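Trainee: Take this structure, written in structure tokens, and hold onto it; I'll ask about it next.
Protein chains: 2
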Amino acid sequence: MRPHTHNTIRENMLSRIQSGEWALGDKIPVETSLAQEYGCARATVNRALQSLADQGLLIRKRKGGTRVCKLPVRYAKFEIPVIREHVEALGSVYHHKILDMKLSSSTASIRERLRLDTKDKVLRVDTLHMADGHAFAYEERWINIAAVPAILNAPLEQISANEWLVKEVPFSNGDVIFSAIGADKTTAKALETHIGTALFTVERTTWSLDEFITTMKLYYKEGYQLRSRL
Amino acid sequence: MRPHTHNTIRENMLSRIQSGEWALGDKIPVETSLAQEYGCARATVNRALQSLADQGLLIRKRKGGTRVCKLPVRYAKFEIPVIREHVEALGSVYHHKILDMKLSSSTASIRERLRLDTKDKVLRVDTLHMADGHAFAYEERWINIAAVPAILNAPLEQISANEWLVKEVPFSNGDVIFSAIGADKTTAKALETHIGTALFTVERTTWSLDEFITTMKLYYKEGYQLRSRL
DNA sequence: TACGTTATTATGTATATACAATAAATGGTT
DNA sequence: AACCATTTATTGTATATACATAATAACGTA
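In the order they appear, the protein sequences are chains Y and X.
Using this note's numbering, the first residue of the first sequence is number -11, and each one after it goes up by one.
Using this note's numbering, the first residue of the second sequence is number -11, and each one after it goes up by one.
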């Protein structure tokens, strides 16, 4: 092993920030000095510094030099898995049940979310996701038929719309909104709970290359926790 | 501008994945071929490929080559701001009110979260964060005195514990748990709402270099939405 | 002083080269 | 076939070099 790789240099720099040697807002030495200090090429130092800048710890400007970010903005990163995998990762047996599915005209709010015209039709699917035979999450979904006509022939009893879309339209873009909401009559019944129970909800709208694919709202059964690391 | 930078190459590769030219699970050409195709050095292709691999779109193995990730795992990244900045970003005037503050022994659950001993004391602070004079979020916080003794002299009426800690202990590590919970008597009163109202909550435990700093639970007023992009 | 131009400096990026590390493929021996 | 050692292909990383780009600093002129 070499004494200093871009990795070890990055770690060393991180500890210099955490220890306060490089304080918030401080200007740190220029690349050439650091390269000399670490005994490596400027390119190696550059790689380490860029990595820290990507993480939001450093701010770099041409000619202006590199500073430790004054007000550290931290991010929490959440994995958005296919629900089946999520349930299985918790050690439970997954299956899903389609509660309702129909081709219909779009409502105003859905048209807005999917940027649709009044005459466009959408496929509306309500799915209950289950873990070990018990309700886990209730999903209301609207799919833009024009964007993915193949959905009409998909075996949605076997593979959930969630999973089918992930595989058919990979790496799409999306908006996500998390919130808490009291269960209404429909969701309470589906999730086997009482009206008013606090439910964790996720709304997601997905598009790919300027075409809107689908929007959905997911209601998790009470007690659900979304965990992450800073 | 050069015809191909690592950036334009990365974008081009992304569109090849999104269009299906490089399908899920497929092996893509080796770096030397791609370098020839794009008319650039292998190092440039390598940088683009590594960037996509960091994002989780590609899986790379020495000798094994590079494949498009079979099951794309998407991440939602949330900014965890200082609450004052959050409120101000929404266009409101921020201020906070300390509802209760006391030095106390730790309860069993807090001791577990902060890895404390039974005799260790903690500073317990309950804060109401307000936007334009109305309740915005209610915060229960426990601070490990041993880790940050200076907190005892901090002007917490002027600067919230939240903000003071961010500036004093930058770039710490943390756990985050999001969930929905019905308001109890205390939270309902603080947030000027009814018992049972669905509240969005965030729990966060923070440590730095093996020392546990603080743990807190934040209850947002009903209707709060956490937004993000995939 | 104020303002516009030029020089300077730090970072950003590309390249050719070299070698390391890993895992797959190959081949030989039992 | 099965197992082990050897070869080979591919990515990972470091380096020296060169030039581009952006922002600051320095300078000169009105």
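Each residue gets a CB set at the ideal place from its N, CA and C atoms; glycine is no exception.
Every value quoted in this text rests on a predicted model; they were computed, and no experiment measured them.
So, for Y/R35: in the same chain, excluding its five sequence neighbours on each side, which residues have a beta-carbon less than 7 Å away from its beta-carbon?
Mentor: Correct list, in chain order: H(-6).
Trainee: Can the beta-carbon of Y/L179 be found less than 8 Å from the beta-carbon of Y/Y126?
Mentor: Contact: yes.
Trainee: Return no unless some Cβ of chain Y is closer than 8 Å to the Cβ of X/M(-11).
Mentor: Summary for X/M(-11): the model assigns pLDDT 39, below 50, so the residue's position carries little reliability; its value from the coordinates is reported in the next sentence. Chain Y, which has no Cβ nearer than 8 Å to the Cβ of X/M(-11), makes this no.
Trainee: For X/R215, which residues from the same chain have a beta carbon less than 7 Å from its beta carbon, with the 5 sequence-adjacent residues on both sides left out?
Mentor: Answer for X/R215: no residue qualifies.
Trainee: Is it the case that the Cβ atoms of X/I147 and X/T202 are separated by a distance below 8 Å?
Mentor: No. Outside cutoff.
Trainee: What is the C-beta distance between Y/R192 and Y/M204, in whole angstroms, given that I count them as a contact (C-beta under 8 Å)?
Mentor: Indeed they touch by this definition, with Cβ atoms about 6 Å apart.
Trainee: Between which two residues does the alpha helix (DSSP H) harbouring X/D42 extend?
Mentor: Run containing X/D42: 30 to 42, per the alpha helix (DSSP H) assignment.
Trainee: Thinking Y/G211 and X/G184 are a contact (beta carbons under 8 Å), I'd like their distance in whole angstroms, please.
Mentor: About 15 Å; that fails the 8 Å criterion.
Trainee: Is Y/R50 helix, strand or coil by DSSP?
Mentor: Coil.
Trainee: If we ignore side chains and look at the alpha-carbon of each, how far apart do Y/S97 and Y/G52 end up?
Mentor: Cα to Cα, the separation comes out at about 48 Å.
Trainee: Below 8 Å on the Cβ atoms is my guess for Y/I(-3) versus Y/T32; work out the distance and round it to an integer in Å.
Mentor: 7 Å between Cβ atoms; contact.
Trainee: Since Y/S196 meets chain X, which of its residues come closer than 7 Å, beta carbon to beta carbon?
Mentor: Here the neighbours are Q6.
Trainee: Quick check: what's the CA-CA separation for Y/R(-10) versus Y/W10?
Mentor: Interpretation of Y/R(-10) is limited by its pLDDT of 46, a score under 50 that renders its predicted location unreliable; no figure is taken from the coordinates.
Trainee: Confirm, please, whether the CB-CB distance from X/E19 to X/L37 is below 8 Å.
Mentor: Yes, the Cβ-Cβ distance between X/L37 and X/E19 is below 8 Å.
Trainee: Assign X/M(-11) to one of three DSSP states: helix, strand, or coil.
Mentor: Low confidence applies here, because X/M(-11) scores a pLDDT of 39, under 50, leaving its location unreliable; read the following figure in that light. Reduced to three states, the DSSP call for X/M(-11) is coil.
Trainee: When you compare each of X/A135, X/E199, X/Y208, X/A123 to X/A219 by their alpha carbons, which one comes out closest?
Mentor: In the structure displayed, chain X extends from -11 to 218; residue 219 of chain X sits before or after that span and is not available.
Trainee: CB-CB under 7 Å to X/R103, same chain, minus the five flanking residues each way: which ones, in chain order?
Mentor: Taken in chain order, the residues that qualify are F200.
Trainee: What residues are listed by DSSP as bridge partners for Y/V164?
Mentor: Paired residue(s): Y/R192, X/S216.
Trainee: So X/S93 is in the beta strand (DSSP E); what residue range does that whole segment cover?
Mentor: Taken as a continuous stretch (DSSP letters only), the beta strand (DSSP E) holding X/S93 covers 82 to 93.
Trainee: Please confirm whether Y/N(-5) has its beta-carbon closer than 8 Å to some beta-carbon of chain X.
Mentor: Not an interface residue.
Trainee: Is it true that the CB of X/G13 sits closer than 8 Å to the CB of X/R62?
Mentor: No. Outside cutoff.
Trainee: Do Y/D108 and Y/S94 come within 8 Å of each other at the CB atom, strictly closer than that value?
Mentor: In contact: Y/S94 and Y/D108 (Cβ atoms closer than 8 Å).
Trainee: Measure from the C-beta of X/S216 to each C-beta in chain Y and report whether the shortest distance is under 8 Å.
Mentor: Answer yes: the Cβ-Cβ gap between X/S216 and chain Y drops below 8 Å somewhere.
Trainee: Between the Cα of Y/L153 and those of Y/T175, Y/A123, Y/Q6, Y/I139, spot the shortest distance and give me the residue it belongs to.
Mentor: Among Y/T175, Y/A123, Y/Q6, Y/I139, the Cα nearest to that of Y/L153 belongs to Y/I139.
Trainee: Taking just the CA atoms, how far does X/G44 sit from Y/A119?
Mentor: Y/A119 and X/G44: Cα-Cα distance of roughly 27 Å.
Trainee: Could you compute how far the alpha carbon of X/I133 sits from the alpha carbon of X/V70?
Mentor: Between X/I133 and X/V70, the C-alpha separation is close to 21 Å.
Trainee: Are the beta-carbon atoms of Y/F166 and X/F124 separated by less than 8 Å?
Mentor: Cβ distance not < 8 Å, so Y/F166 and X/F124 don't count as in contact.
Trainee: For Y/N161, I'd like the list of residues in its chain whose CB is within less than 8 Å of its CB, leaving aside the five on either flank, ordered along the chain.
Mentor: Only T194, W195, S196 meet the Cβ criterion.
Trainee: So, under 8 Å CB-CB, X/A64 and Y/I169 are touching, yes? Tell me the CB distance rounded to an integer number of Å.
Mentor: Between Y/I169 and X/A64 the Cβ distance is about 18 Å, and since that is not below 8 Å, they are no contact.
Trainee: Tell me, please, whether the CB atom of Y/D163 is closer than 8 Å to any CB atom in chain X?
Mentor: It does: the Cβ of Y/D163 has a partner Cβ on chain X nearer than 8 Å.
Trainee: Could you please tell me which residues of the stretch 140 to 174 of chain Y, in chain order, have their CB closer than 8 Å to any CB of chain X?
Mentor: The stretch 140 to 174 of chain Y vs chain X, Cβ under 8 Å: V154, K155, P158, F159, S160, N161, G162, D163, V164, I165, F166, S167, A168, I169, G170.
Trainee: Any beta-carbon of chain X closer than 8 Å to the one on Y/K65?
Mentor: With 8 Å as the cut-off, Y/K65 counts as an interface residue toward chain X.
Trainee: Distance cutoff 8 Å, beta carbons only. Does Y/A186 sit that close to anything in chain X?
Mentor: Yes, because at least one Cβ of chain X sits closer than 8 Å to the Cβ of Y/A186.
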